[in-house]
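Colleague: Mind looking over this structure? Questions follow.
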Amino acid sequence: MGTNQRSVWIEGMRDGIPIGLGYLAVSFSLGITARNAGLNAFQGFLASILNNASAGEYAAFTLIAADAPYLEMALITLIANARYLLMSCALSQRFAPDTPFFHRLLIGYDITDELFGITIARPGYLNPCYTYGAIIVAAPCWAVGTALGIMAGNLLPLRVVSALSVALYGMFLAIIIPPARKSRIIAMLVVISFAASYCAARLPVISSLSGGSRTIILTIAISVAAALLFPIKPEKEDTGNVA
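Mapping of the sequence shown onto numbering that gives the first Met the number 0: position 153 corresponds to residue 152, and the numbering continues sequentially without gaps.
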């Protein structure tokens, strides 16, 4: 590795430190959910190092706790993580044309919201070493946090574990509240989602389905309806020269 590549790698590690610290805190709460689903610390670590996705993992752990079939787990994980496909497409356009395929493949392993944000913000063609530096800090923190949450859940009293489980819901509120405050449409969709989920758990036919199946149906139905009724207008392209 050349001097320039090494400096870019170190720069990625530096930018990955605050992300890793945030991951450590959030994944600790996720570990409580994994513990309630019956996973041990090693299993939780392995799940998080292979699938660095808060919503996807939470959905998977919830389905594991409900003894859901593998197909249902695969579907809900695919839906929860579908946005990463769009992020991957965006990043793929920022690589130099002669970038080897294995770089694209390795970076695709850990495209999270935060890592995507710091990577896509860099000017010019993307240097894979920058993303590698951020990943090598952030990904282990996420996995270690999950394992620590499971171990803490095994040691702490039941009431404390139950209280810590609420922290993960706080994480989801932190995700949905900022965009809901900026957009009335998003705020309305959030309220509709809550109401639809409540009704689905009590209506005669759909309530007989498992929680995972109801989530899949509601996610697809509300997403499609929102995309058709409230499409996002494309931004005007900048016709100026790119440095």
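Ideal placement from N, C-alpha and C gives every residue a C-beta, glycine not left out.
Between which two residues does the alpha helix (DSSP H) harbouring V189 extend?
Modeller: Within the sequence shown, residue 189 is the residue found at index 190, counting from 1. Element bounds for V189: 183–199.
Colleague: When you compare only the Cα positions, how much space is there between I16 and A146?
Modeller: As a first step, residue 16 must be located in the sequence shown, where it is residue number 17. As a first step, residue 146 must be located in the sequence shown, where it is residue number 147. Taking the straight line from one Cα to the other gives about 19 Å.
Colleague: Might you give, ordered along the chain, the residues of its own chain that have their beta carbon closer than 6 Å to the beta carbon of T238, omitting 5 neighbours on each side?
Modeller: Indexing the sequence shown from 1 puts residue 238 at position 239. Reliability of the predicted coordinates at T238 is poor, the pLDDT of 39 falling under 50, and no value is obtained from them.
Colleague: Following the continuous alpha helix (DSSP H) through P139, name the residue where it begins and the one where it ends.
Modeller: Looking up residue 139 in the sequence shown gives position 140. Counting along the chain, the alpha helix (DSSP H) containing P139 begins and ends at 127–154.
Colleague: For V7, does the three-state DSSP call read helix, strand or coil?
Modeller: Within the sequence shown, the letter at position 8 stands for residue 7. The answer is helix: DSSP assigns V7 an H, G or I state.
Colleague: Would you kindly work out how many angstroms separate the C-alpha atoms of V136 and I31, rounded to a whole number?
Modeller: On the sequence shown, residue 136 is found 137 positions in, with the first residue counted as 1. On the sequence shown, residue 31 is found 32 positions in, with the first residue counted as 1. About 22 Å.
Colleague: Going by C-alpha distance, which of V143, I175, P230, F101 is nearest A40?
Modeller: Position 41 of the sequence shown holds residue 40. Closest by alpha carbon: V143.
Colleague: Which residues in the same chain as R93 place their Cβ atom closer than 6 Å to its Cβ, once the five residues preceding and following it in sequence are excluded?
Modeller: On the sequence shown, position 94 is the one that residue 93 refers to. Within the same chain, R93 has close Cβ partners L125.
Colleague: Cutting at 6 Å between CB atoms, please list the residues of its own chain near M72, excluding the five before and the five after it.
Modeller: In the sequence shown, counting from the first residue as 1, residue 72 sits at position 73. Cβ neighbours of M72 beyond the five flanking positions: A59, L62.
Colleague: By Cβ distance, which residues of its chain are closer than 7 Å to S196, with the 5 residues on each side in sequence left out?
Modeller: The residue labelled residue 196 in the question sits at position 197 within the sequence shown. Closer than 7 Å at the Cβ level, and outside the excluded window around S196, lie L217.
Colleague: Measure how close the beta-carbons of I106 and L84 come, nearest whole angstrom, since I'm counting them as under 8 Å.
Modeller: For the purposes of this step, residue 106 is taken as residue 107 along the sequence shown, with counting starting at 1. For the purposes of this step, residue 84 is taken as residue 85 along the sequence shown, with counting starting at 1. Not quite, the Cβ-Cβ distance comes to about 14 Å (not below 8 Å), so this is no contact.
Colleague: Nearest to I9 by CA position, among C128, L38, I176, C140, is which residue?
Modeller: Along the sequence shown, one-based indexing puts residue 9 at 10. Closest by alpha carbon: C128.
Colleague: Go to R93, then tell me how far its alpha helix (DSSP H) extends in each direction, as first and last residue.
Modeller: The residue labelled residue 93 in the question sits at position 94 within the sequence shown. Segment: none, R93 is in no alpha helix (DSSP H) and carries neither H nor E.
Colleague: According to DSSP, simplified to helix, strand and coil, what is V204?
Modeller: Along the sequence shown, one-based indexing puts residue 204 at 205. Three-state result, V204: coil.
Colleague: For A79, which three-state DSSP category applies?
Modeller: What you label residue 79 is simply residue 80 of the sequence shown in a count that begins at 1. If DSSP states are grouped into helix, strand and coil, A79 belongs with the helices.
Colleague: How would you call L154, buried or exposed, if buried means at least 16 neighbouring beta carbons within 10 angstroms?
Modeller: Position 155 of the sequence shown, counting from 1, holds the residue named residue 154. L154 is exposed by the Cβ-count criterion.
Colleague: Express the C-alpha separation of I191 and G19 in angstroms, rounding to a whole number.
Modeller: Against the sequence shown, residue 19 aligns to sequence position 20. Against the sequence shown, residue 191 aligns to sequence position 192. If you take the alpha carbons of G19 and I191, they lie about 33 Å apart.
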